[in-house]
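Visitor: Below is the structure I would like to discuss, written out as structure tokens.
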Amino acid sequence: MSALLDALDDGPLLGDGAMGTMLQDLGNDEGGAPELWNVERADVVEGVLEGYASSGARLLTTNTFGGTSARLQMHGLEDRVEELNQAATELARRVADRHPGVYVLGDIGPSGELMEPMGDLTIDSAAEMFGEQIRGLVAGGVDGILIETMSDLSEVEAAVTAARKEAPGLPVLATLSFDTNLRTMMGVSPAMAVQAMSEMGVDVIGANCGRGLDEMRIIAAQLAEAGAGRVRLMVQSNAGLPKLQGDTFVFDGTPEEMAAYAVEMRDLGFTVIGACCGSSPAHIAAMREALA
Ligand SMILES: [Zn+2]
């Protein structure tokens, strides 16, 4: 049994916060691949992760959300999948090893391509693509695999299949973004997600990103109703909603609001409680204090 799975069973565990919006604030705002920063601005990525670990996060997520060949291809980096994923993991590993009780999750986001029948991606071809990414994550030393912001259950299935093959024995966590009238873009409800992902053998099931705390409260209640006590549940909400400030979008959720949400999620029985877009180490620190 993995040490991470033991820690999850002793939970709840505090997740970390955003990477993408943090890197944007730190200068990755010209449309360049955030994953390239794992080698070219490694100090910045490591600094973000150190901020989360110092604020009390027990799970650090690698800077590999767009680390599939399909996503890296948009930046001409499709030949560097394993290298960039391994470098990202080694950074996170270094930070985690400085903080006892902190684990590294290898992050997998959507490929950006559509699955059959709407697109060309099959379960097999998608699993192959995710497998390439996961080999890099495993080479860098991840403790678990986090599949997140998904909307299509067959894409989740492909990623889970790849994780079981390339990372046998490591826990698999998977969360969907229910951002379209409390369903995913592909029409999946929280109850459907719990059912389907528990049949896939996913170790921790839940929701991330989304459309602010009010919607996430409704989604979390539905996840809890479908799965609390039967499956481990996870929630990582955005820090509120993006509001236009001058010519940039700023998420309006305060650390205090995120702290209140963290306590509510714990009381609903969630095993992993973290944050997504717009959050920072200050939000995670407030959540940690509220949960203590
Ligand atoms: Zn998000």
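Counting from 838, one number per residue, gives the positions in the sequence shown under our numbering. Cβ atoms here follow ideal geometry from the backbone N, Cα and C, with glycine treated the same way. Bear in mind the structure is a predicted one, so any value in this text is a computation, not a measurement.
With distances taken from each beta carbon to the nearest heavy atom of ligand 1, which residues come in below 7 Å, in chain order?
Guide: Qualifying residues come out as 855, 986, 1045, 1046, 1075, 1113, 1114.
Visitor: Can you tell me where the alpha helix (DSSP H) holding residue 1100 begins and where it ends?
Guide: Element bounds for residue 1100: 1092-1104.
Visitor: Quick check: residue 1056 and residue 852, are their CB atoms within less than 9 Å of each other?
Guide: No. Outside cutoff.
Visitor: Can you give me the start and stop residues for the beta strand (DSSP E) that residue 1118 sits inside?
Guide: Not the beta strand (DSSP E): residue 1118 falls in the alpha helix (DSSP H), residues 1118-1128.
Visitor: Quick one: what's residue 952 bridged to in DSSP?
Guide: Answer by DSSP bridge pairing, in chain order: 958.
Visitor: Measuring alpha carbon to alpha carbon, tell me which residue in 1075, 1028, 1105 is nearest residue 1066.
Guide: That would be 1105, whose Cα lies nearest to the Cα of residue 1066.
Visitor: What three-state label does DSSP hand residue 1026 in the structure shown?
Guide: The answer is coil: DSSP assigns residue 1026 none of H, G, I, E or B.
Visitor: Per DSSP, what kind of secondary structure is residue 934 in: helix, strand or coil?
Guide: Of the three classes helix, strand and coil, the one that applies to residue 934 here is helix, per DSSP.
Visitor: By DSSP's criteria, residue 1086 is part of a beta bridge. Which residues make up the other side?
Guide: Looking at the DSSP assignment, residue 1086 forms a beta bridge with 1081.
Visitor: Taking the C-alpha atoms as reference points, what is the distance between residue 898 and residue 1083?
Guide: Each residue's alpha carbon lies about 30 Å from the other.
Visitor: Using the Cα positions of residue 1102 and residue 1124, report the straight-line distance between them to the nearest angstrom.
Guide: Cα-Cα distance, rounded: 11 Å.
Visitor: Where are the alpha helix (DSSP H) runs, 4 residues long or more, that stay fully inside the segment 866-928, in chain order?
Guide: Here the runs fully enclosed are 874-877, 879-891, 906-909.
Visitor: Pull the bridge partners of residue 1074 from the DSSP assignment, please.
Guide: Paired residue(s): 1046, 1112.
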